[in-house]
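Peer 1: Starting off with a structure, shown below.
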Amino acid sequence: MSTEFDDDGWPIGVDRILLDEVDSTNAEAARHAATHKSPAWILAHRQTKGRGRRGRPWADPVGNFSASHLMFPDEPLKDVALNSFVAAVSLFWALKTLAPSDGYALKWPNDVLLNGTKIAGILLETSGTQDGVDWLVIGIGVNLVHAPDISDVEARATPPSSIQAQLGKAPDAEELLDIIAIDFAVNRKKLQNAGFEAIRGLWLQHAANLGGTVTARTMRDEITGTFEDLDAEGNLILQTPKGRVAITAADIFF
Ligand code: BTN
1153 MSTEFDDDGW
1163 PIGVDRILLD
1173 EVDSTNAEAA
1183 RHAATHKSPA
1193 WILAHRQTKG
1203 RGRRGRPWAD
1213 PVGNFSASHL
1223 MFPDEPLKDV
1233 ALNSFVAAVS
1243 LFWALKTLAP
1253 SDGYALKWPN
1263 DVLLNGTKIA
1273 GILLETSGTQ
1283 DGVDWLVIGI
1293 GVNLVHAPDI
1303 SDVEARATPP
1313 SSIQAQLGKA
1323 PDAEELLDII
1333 AIDFAVNRKK
1343 LQNAGFEAIR
1353 GLWLQHAANL
1363 GGTVTARTMR
1373 DEITGTFEDL
1383 DAEGNLILQT
1393 PKGRVAITAA
1403 DIFF
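Mind the numbering: the sequence shown is residues 1153 to 1406 in the numbering used here, read in order.
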C-alpha cells in the first residue's frame, strides 16, 4: 500500500491547520476530534499552555515549532504508543533534512537530542478503551530558536538547547511541518505494512548512548544498567546486576 500525496507533497485526506496562538495544540487536537473525524496536523505559532510529559509545562515562545497530529488509528490501545517511535524517527529525519548535522540522536522514549542537548520532545495523548481507540494525538515541540530557561526544566535529564544555538540557524516552523507530515505518513505506512520491527530498527540506528550506562528514574525507583535494546513493545531494556529489566516509563539520565 503506498501513501498518497497531493501536488504540494502534503498527505491526501489530512487537514493542515495553522493557528497564530492556542493554549496547547494537543488540547486543540483533542477538541477537534470531537467534531471532525478526519486526521489533521495542527500547528500553532505560540502556545500559552503547552504541556510536556509527566504533567510538566512546555514553554513555547514564537519561533519554535509546536504541532500536533490528530489520528484515528485502528490498532488496539496496547499498540498505539508505538506511534511515538514513528514520530521520533520522522522528526529525526525531517530535522536532518532541513537543518543538517551529524549531531542528532534519539533519546528514549521520544526526545531528539542535538550535540547532547534536548531540542525536541513528543507527547502522546489518547482517548479510548482496551476495546478501541477513539483518537490519538501526537504532539511535537521543537526548540527551533529558543530553549526554555534551565530553571523550568531542572527535573529533566538533558539540558535543553535550540537548533539556532547549536547550528547557528534554524528552519521555519511551517516548512518543518510539511516535511514531518510526509515523513510521518511514510513511516506510519511502514509500521502498518511491516510491523514495529521496521521502525524499531530505524530508531535503534540513531539511539543515543546505546550500549552505555543509563539510569532510569521511574515514579517509584531508580534503576541503573547498560542500555541494551528496545523491545517489541517499545520498552527500554537495561542489563542490570540483577538481570534484564524492561522499563516502560521513566526519565533517563546518562
Ligand atoms: C516533552 O515533555 O518532552 C514533550 C513535549 C511536547 C510538547 C509539544 S508542543 C506541541 C504539543 N502541544 C503540547 O501542549 N505539547 C506538545
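Think of the CB as a built atom: it goes at the ideal place given N, C-alpha and C, for glycine as much as any other residue.
These numbers were taken from a predicted model, which means no experiment stands behind them.
Which residues in the same chain as Ser1279 place their Cβ atom closer than 6 Å to its Cβ, once the five residues preceding and following it in sequence are excluded?
Peer 2: Once the five neighbours on either side are set aside, the close Cβ partners of Ser1279 are Asp1286 and Trp1287.
Peer 1: Does the beta-carbon of Gly1273, which I'm using as the reference point, lie nearer than 6 Å to any heavy atom of ligand 1?
Peer 2: Correct: Gly1273 has its Cβ closer than 6 Å to ligand 1.
Peer 1: Hey, would you say the C-beta of Ser1242 is under 6 Å away from at least one heavy atom of ligand 1?
Peer 2: Because no heavy atom of ligand 1 lies under 6 Å away, the Cβ of Ser1242 does not count as near it: no.
Peer 1: Using the Cβ count rule (16 or more neighbours within 10 Å means buried), how would you classify Arg1340?
Peer 2: By the 10 Å Cβ count, Arg1340 comes out buried.
Peer 1: Report yes or no: do three or more beta-carbon pairs, one from the region 1227-1245 and one from the region 1353-1373, lie closer than 8 Å?
Peer 2: Result yes; three or more Cβ-Cβ pairs closer than 8 Å.
Peer 1: Quick one: using the 10 Å Cβ neighbour count with 16 as the cut-off for buried, is Met1223 buried or exposed?
Peer 2: The residue in question, Met1223, is buried, as its Cβ has 16 or more Cβ neighbours within 10 Å.
Peer 1: Between Arg1198 and Glu1173, is the Cβ-Cβ spacing less than 7 Å?
Peer 2: Yes. Within cutoff.
Peer 1: Where DSSP assigns a beta bridge to Ala1219, which residues make up the other side?
Peer 2: Looking at the DSSP assignment, Ala1219 forms a beta bridge with Leu1195 and Ile1292.
Peer 1: Assign Ala1186 to one of two classes, buried (16 or more other C-beta atoms within 10 Å of its C-beta) or exposed (fewer than that).
Peer 2: Ala1186 comes out exposed.
Peer 1: For the putative contact between Leu1413 and Trp1193, defined by C-beta atoms under 8 Å, what is the C-beta separation to the nearest angstrom?
Peer 2: No statement about residue 1413 is possible, as the shown extent of the chain runs from 1153 to 1406 and does not include it.
Peer 1: Find the nearest neighbour of Gln1325 within the set Ile1274, Lys1259 and Leu1170, judged by alpha-carbon distance.
Peer 2: It is worth fixing the name first, because residue 1325 is Ala in this sequence and not Gln. It is Leu1170.
Peer 1: Is it buried or exposed, Val1366, if we count other Cβ atoms within 10 angstroms and call 16 or more buried?
Peer 2: The residue is buried, with at least 16 neighbouring Cβ atoms inside 10 Å.
Peer 1: Run through DSSP, which three-state label would Ala1359 get?
Peer 2: Ala1359 falls in the strand class under three-state DSSP.
Peer 1: Below 8 Å on the Cβ atoms is my contact criterion, and I expect Phe1348 with Ile1292 to pass it. Report the Cβ-Cβ distance as a whole number of Å.
Peer 2: In fact, because the Cβ distance is near 20 Å, the residues do not count as touching under 8 Å.
Peer 1: Is Ser1314 near ligand 1, in the sense that its beta carbon is under 6 Å from a heavy atom of that ligand?
Peer 2: Result no, Cβ not under 6 Å from ligand 1.
Peer 1: Closest to Asp1226 by C-alpha separation, out of Ser1314, Leu1234 and Ala1219, would be which residue?
Peer 2: The shortest C-alpha separation from Asp1226 is found at Leu1234.
Peer 1: Within a Cβ cutoff of 8 Å, which residues of the same chain sit near Leu1250, ignoring the five residues on either side of it in sequence?
Peer 2: Hits under 8 Å: Pro1323, Glu1327, Leu1328 and Ile1331.
Peer 1: At what residue ranges does the region 1214-1261 contain a whole run of the beta strand (DSSP E), taking only runs of 3 or more?
Peer 2: Within the region 1214-1261, the complete beta strand (DSSP E) runs of at least 3 residues are 1217-1223 and 1256-1259.
Peer 1: At a cut-off of 6 Å, is Gly1291 close to ligand 1 when judged by its beta-carbon and the heavy atoms of the ligand?
Peer 2: Yes, since a heavy atom of ligand 1 falls inside the 6 Å radius drawn around the Cβ of Gly1291.
Peer 1: Which same chain residues, not among the five before or five after Gly1255, have their C-beta less than 6 Å away from its C-beta?
Peer 2: Once the five neighbours on either side are set aside, the close Cβ partners of Gly1255 are Leu1266 and Asn1267.
Peer 1: Is Arg1340 near ligand 1, judged by its Cβ being under 6 Å from some heavy atom?
Peer 2: Every heavy atom of ligand 1 is 6 Å or more from the Cβ of Arg1340, so no.
Peer 1: Put Gly1161 into one of helix, strand or coil per three-state DSSP.
Peer 2: Looking at Gly1161 - three-state DSSP - the assignment turns out to be coil, as it is neither helix nor strand.
Peer 1: Might you give, ordered along the chain, the residues of its own chain that have their beta carbon closer than 7 Å to the beta carbon of Gly1320, omitting 5 neighbours on each side?
Peer 2: Correct list: empty, nothing qualifies.
Peer 1: Around the C-beta of Lys1270, are 16 or more other C-beta atoms found within 10 angstroms, so that it is buried, or is it exposed?
Peer 2: It is buried - the Cβ of Lys1270 has at least 16 other Cβ atoms within 10 Å.
Peer 1: For ligand 1, I want to know if Ser1218 counts as a neighbour, meaning its beta carbon is within less than 6 Å of at least one of the ligand's heavy atoms.
Peer 2: Because some heavy atom of ligand 1 lies under 6 Å away, the Cβ of Ser1218 counts as near it: yes.
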